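Student:
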Amino acid sequence: FNFPITITNTHSCGVSRDGTLRWMNRVLPAAIDSAWGLPVAAETYDGFLNDINGHHLTSEHVAEALDGAAGGPVEEGSVGGGTGMITFGFKAGSGTASRIVAW
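In structure tokens form, the structure reads like this:
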């Protein structure tokens with residue numbers, strides 16, 4: 049990959065991709081001029097807890113997230129792309145925790 053990877057809800061993947069390209073044009077224009085870009089916008093379905101059809105994400109939100117990105121441990125819990133996730137009826141989110149679920 050030569051561009052950032054973003055995580056957003058299902059209906060915001062396009063905005064996330066476009067926002068990443070705009071951010072790259074601003075922050076690293078030489079990277080865009082010398083090669084084609086391939087930003088990845090991964091999706092998580094959060095339609096039960098989020099107004100997924102509200103189209104609230106903007107390119108400015110994407111730029112803020114990318115400007116604030118840093119190395120180190122991943123922030124865990126109900127943050128970022130994991131804010132509205134539910135897994136097997138449990139509130140989910142980003143992180144490293146696992147759950148054992150009786151099946």
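The sequence shown begins at 49 in our numbering and counts up by one.
All C-beta atoms, glycine included, are put in the ideal place defined by N, C-alpha and C.
Remember, it's a predicted structure, so these values are computed and weren't measured experimentally.
Going by CA-CA distance only, name the one from Asp-66, Ile-134, Gly-116 that's closest to Gly-95.
Tutor: Ile-134
Student: Rounded to the nearest angstrom, how far is the Cβ of Val-88 from that of Ile-53, given a contact under 8 Å?
Tutor: Between Val-88 and Ile-53 a beta carbon distance of about 4 Å is seen, short of the 8 Å cut, so the two are scored as contacting.
Student: Tell me whether Ser-82 is buried or exposed, calling it buried when 16 or more other Cβ atoms sit within 10 Å of its Cβ.
Tutor: Around the beta carbon of Ser-82, fewer than 16 other beta carbons lie within 10 angstroms, which makes this residue exposed.
Student: Please report the residue range of the alpha helix (DSSP H) in which Ala-78 lies.
Tutor: 77-82
Student: Using a Cβ-Cβ cutoff of less than 7 Å, which residues in the same chain neighbour Ser-107 once the five nearest sequence positions on both sides are dropped?
Tutor: Val-63, Asp-66, Gly-67, Arg-70
Student: Which class does Ala-140 belong to by DSSP, given the choice of helix, strand or coil?
Tutor: Residue state, collapsed to three classes: coil.
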